[in-house]
Amino acid sequence: MSERVAVRKTYKLFIGGKFPRSESGRSYLVQDSNVSLASRKDARDAVVAARAAVKGWAGATAYNRGQILYRVAEMLEGRREQFVGLGVPADEVDAATDRWVWYAGWSDKLPQVYGGANPVAGPYFNLSSPEPTGVVAVVAPETPALLGLVSVIAPAIVTGNTVVVAASPSAPLAAVTLAEVLATSDLPGGVVNILTGRLSETVPTLAAHMDVNAIDLTGVTDPEVAADLEVKAAENLKRVLRPVPTDHDWSADPGLTRMTALLETKTVWHPKGA
Amino acid sequence: MFEYAPAPESRSVVDLKPSYGLFIDGKFVDPADGSGFKSINPASEEVLAEVAEGGAQDVDRAVRAARRAYEKVWGPMPGRDRAKYLFRIARIIQERSRELAVLESLDNGKPIKESRDVDLPLVAAHFFYYAGWADKLPHAGFGPDPKPIGVAGQVIPWNFPLLMLAWKIAPALAAGNTVVLKPAETTPLTALLFAEICQQADLPAGVVNIVTGAGETGRALVEHDGVDKVAFTGSTDVGRAIARAVAGSRKKLTLELGGKAANIVFDDAPVDQAVEGIVNGIFFNQGHVCCAGSRLLIQESVADRVLESLKRRMAQLRVGDPLDKNTDIGAINSAAQLARIKELSDAGSAEGAERWSPPCELPDRGFWFAPTIFTGVTQAHRIAREEIFGPVLSVLTFRTPAEAVEKANNTPYGLSAGIWTEKGSRILWMADRLRAGVVWANTFNKFDPTSPFGGYKESGYGREGGRHGLEAYLNV
């Protein structure tokens, strides 16, 4: 009997809940697999998908979003070996899973610690609540392949934003595999969109895109490139998360800033009187 | 009323054992003196199961188990891991919600549509919410490193057996405490099924202990020296007794007690919507609700219209088999509670209020009380002052917002209140003046794990739910 011939996986983009190839028809080779090489058009398509998902995702209850993020953790736990097979250390997979759990719990708590009643001097009810800023472009860190990616996606979406992620060019297999996890976690299509390929192609398009509300430059390592992207982002006053040092400790407590940087605060006034 | 064919929920999903022991240190054990009592179905008076009666020795054993688990396992465990156990429990509750809902309706008498659509979803959500706090306590606003208190002794009532268990256990465990919980003697069964869920979740032994019994068991628990924190939900009289019992000790105490909520309807309120809220406010869960809107205050100019619509709506309420999915009002929880409702209702008639119930056929067996309203009630009547804890509504009228506030606050209780008006500024003006812990506007009986709940005045102190609910279980 001959040895069974394995079925190999095609690694494609993740846009609007589907797995299309790049519209450019290009791919590049990573870890012996062909991976889609996303184009500027793919980036624009991903923004359209992300925008379309904002209403439903931002409008979902915090409870519902929390349940879905927790579901992502459940799915990721079940695919632990698959990530290990891609070269992600087992303890990194565990840390990434725990990070989903941590952020899942924030969905209905962040408004309680980051918003609240304001005791204004007058007969008015006054309440400030955080709201998602909208579509966030995210440049994922080069490493760690999975924990770094999860650490930038989860804080952006837990509050109701949708994201277009430029995955690490050298570690796209973990990113596409995470997309498969997301696709089976009841996360609505378009909430997370993942582009693989060269950052130099997709990220400037995202930084300059007028329908993107914020950009997270975490994975940008060249300060000049980062500055140029910030200049592009300034055109429609995108909220900007600046790059982190390459020796950043991704296993440390992430704190709240990755979430709060991508929020707007809305304050509602209403008079009191019989 | 339309004739509906019966739509009974199947009991087959529930697998009851003939008898249950106490859940101590991760195992079901027999009580030291072997005594027990029966839990019955209030809709049929059939015996559901025999349940152990915990004595002082059993309580001591449970508290010691909780202490060991607190010191050796649960207290030192990182919040991240406590969270995972609580998430597990939340998930198992979601998966077994039908079974729990049917058992809750069997043991309590509440309609299946309430246990299925209100109690169980809230129970799971409560565990899910507090699971998320377990690893975020430094963010809760109680300082950078808040600590648990230790062993919590918790005594809960029979009106929402599993929901009250969730309100007690979820925040306690999230904060790092261990618990000994005593369910009410008429409704112990879902707490015992919850004990099985703790086993299923591999929750470390001793973190949750369930000691069934009646008042004496509860007394032994709250008075035990090894208990650091007492949480009680129930009547104001028992709450007072507990406050006396823990006086002079270092035990932290929270009490969620009775209520006599005013549901205030202004002349600009949409009548149909208000009537739905009034009906929900007093007939939800047979009126066995501490925050029930048991005093209806209607602005005089619309009183006739509102009452006419209310009576029409009440005539549509279906009283009967709790397991029938069409049932609106189920069985009164116990013979003792039925007697109390009857006694207070008779006092209402004797004191001169006018009593009305829709034509309503009640089953022959079990404990039942037709939905009832009293009009012409004055503030001096017993039915306007005392908590009836049944499907009985007292109707009063008012002319001005200031008079509504006066009447609403004219009670030793202060748990909740309702306001019905289209005018937003009036809602907020009223809310500022009502001495009540929860104020619902153009809605009633809304609950959410993120939202603090608890009373002013003799409705108790402390809050359950939300970020505030953590405070009761932290050493702050």
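Going line by line, the protein sequences match chains A and B. Going by my numbering, the final residue of the first sequence carries number 274, and the count climbs one at a time with no gaps. Going by my numbering, the final residue of the second sequence carries number 1476, and the count climbs one at a time with no gaps. Quick reminder that beta carbons are idealized off the backbone N, C-alpha and C, glycines included.
Cβ closer than 7 Å: which chain A residues qualify as neighbours of residue i?
i, result
"residue 1125 (chain B)", "63"
"residue 1219 (chain B)", "Those do not exist, as residue 1219 (chain B) stays about 36 Å from chain A at its closest Cβ, beyond 7 Å."
Leaving aside the five residues before and after residue i along the sequence, list all residues of the same chain whose C-beta is less than 6 Å from its C-beta, in chain order.
i, result
"residue 179 (chain A)", "14 and 194"
"residue 1195 (chain B)", "1023 and 1210"
"residue 1351 (chain B)", "1381"
"residue 261 (chain A)", "241"
"residue 117 (chain A)", "127"
"residue 16 (chain A)", "49, 189 and 190"
"residue 1375 (chain B)", "1354 and 1395"
"residue 1014 (chain B)", "1099, 1102 and 1103"
"residue 971 (chain B)", "It is not possible to answer for residue 971 (chain B), since the shown part of chain B is limited to 1001 through 1476."
"residue 1111 (chain B)", "1322, 1327 and 1330"
"residue 1411 (chain B)", "1260"
"residue 268 (chain A)", "127"
"residue 1476 (chain B)", "1142 and 1146"
"residue 232 (chain A)", "207 and 208"
"residue 76 (chain A)", "97 and 181"
"residue 1459 (chain B)", "1257, 1259, 1413, 1414 and 1415"
Residues in its own chain within less than 8 Å of residue i by CB, not counting five upstream and five downstream?
i, result
"residue 1333 (chain B)", "1042, 1108, 1109, 1158, 1159, 1186, 1187, 1286, 1288 and 1367"
"residue 63 (chain A)", "107 and 108"
Closest to residue i by C-alpha separation, out of the options, would be which residue?
i, options, result
"residue 167 (chain A)", "A:188, A:143 and A:235", "A:143"
"residue 1165 (chain B)", "B:1295, B:1212 and B:1402", "B:1212"
"residue 189 (chain A)", "A:122, A:41, A:68 and A:38", "A:68"
"residue 31 (chain A)", "A:50, A:152 and A:174", "A:174"
"residue 191 (chain A)", "A:176, A:158, A:214 and A:209", "A:158"
"residue 1084 (chain B)", "B:1133, B:1293 and B:1071", "B:1133"
"residue 1398 (chain B)", "B:1392, B:1019, B:1449 and B:1299", "B:1299"
"residue 53 (chain A)", "A:250, A:161 and A:237", "A:161"
"residue 238 (chain A)", "A:217, A:250 and A:3", "A:217"
"residue 170 (chain A)", "A:186, A:151 and A:139", "A:139"
Could you work out which residues of chain C lie near residue i, taking near to mean beta carbons separated by less than 8 Å?
i, result
"residue 1425 (chain B)", "The chain labelled as chain C is not found among the protein chains of the depicted structure, namely A and B."
Who are the Cβ neighbours of residue i in its own chain at under 7 Å, not counting the five residues just before and after it?
i, result
"residue 1246 (chain B)", "1222, 1230 and 1253"
"residue 154 (chain A)", "69, 99, 100 and 103"
"residue 276 (chain A)", "Look at the range of chain A in this structure, 1 to 274, and you will see that residue 276 (chain A) is not part of it."
"residue 57 (chain A)", "160, 162, 188 and 191"
Can you find a CB in chain A that lies within less than 8 Å of the CB of residue i?
i, result
"residue 1139 (chain B)", "yes"
"residue 1231 (chain B)", "no"
"residue 1270 (chain B)", "no"
"residue 1447 (chain B)", "no"
"residue 1133 (chain B)", "yes"
"residue 1539 (chain B)", "The structure shown has nothing for residue 1539 (chain B), since chain B only spans 1001 to 1476."
"residue 1432 (chain B)", "yes"
Is residue i near residue j, with beta carbons less than 8 Å apart?
i, j, result
"residue 1445 (chain B)", "residue 1259 (chain B)", "no"
"residue 1192 (chain B)", "residue 1127 (chain B)", "no"
"residue 1177 (chain B)", "residue 1201 (chain B)", "no"
"residue 1436 (chain B)", "residue 1417 (chain B)", "yes"
"residue 1055 (chain B)", "residue 1033 (chain B)", "yes"
"residue 220 (chain A)", "residue 146 (chain A)", "no"
"residue 40 (chain A)", "residue 196 (chain A)", "no"
"residue 199 (chain A)", "residue 215 (chain A)", "no"
"residue 113 (chain A)", "residue 1468 (chain B)", "no"
"residue 1179 (chain B)", "residue 1172 (chain B)", "yes"
"residue 38 (chain A)", "residue 27 (chain A)", "no"
Within 8 Å of any Cβ in chain B, is that where the Cβ of residue i sits?
i, result
"residue 31 (chain A)", "no"
"residue 104 (chain A)", "yes"
"residue 148 (chain A)", "no"
"residue 70 (chain A)", "yes"
Taking only heavy atoms of the ligand SAH into account, decide whether any of them is closer than 7 Å to the Cβ of residue i.
i, result
"residue 179 (chain A)", "Questions concerning the ligand SAH fall outside what the structure shown contains, since it holds no ligand whatsoever."
Residues of chain A with CB closer than 8 Å to the CB of residue i, please, in chain order.
i, result
"residue 1466 (chain B)", "112"
Identify the contact partners of residue i in chain B, using a Cβ-Cβ distance below 7 Å as the criterion.
i, result
"residue 108 (chain A)", "1129 and 1450"
Kindly list, in the order they appear in chain B, the residues whose Cβ is closer than 8 Å to that of residue i.
i, result
"residue 98 (chain A)", "1080"
"residue 125 (chain A)", "1428"
Taking Cβ-Cβ distances shorter than 9 Å, what residues in chain B pair up with residue i?
i, result
"residue 101 (chain A)", "1080, 1083, 1084, 1087, 1131, 1132 and 1135"
"residue 66 (chain A)", "1128, 1129 and 1132"
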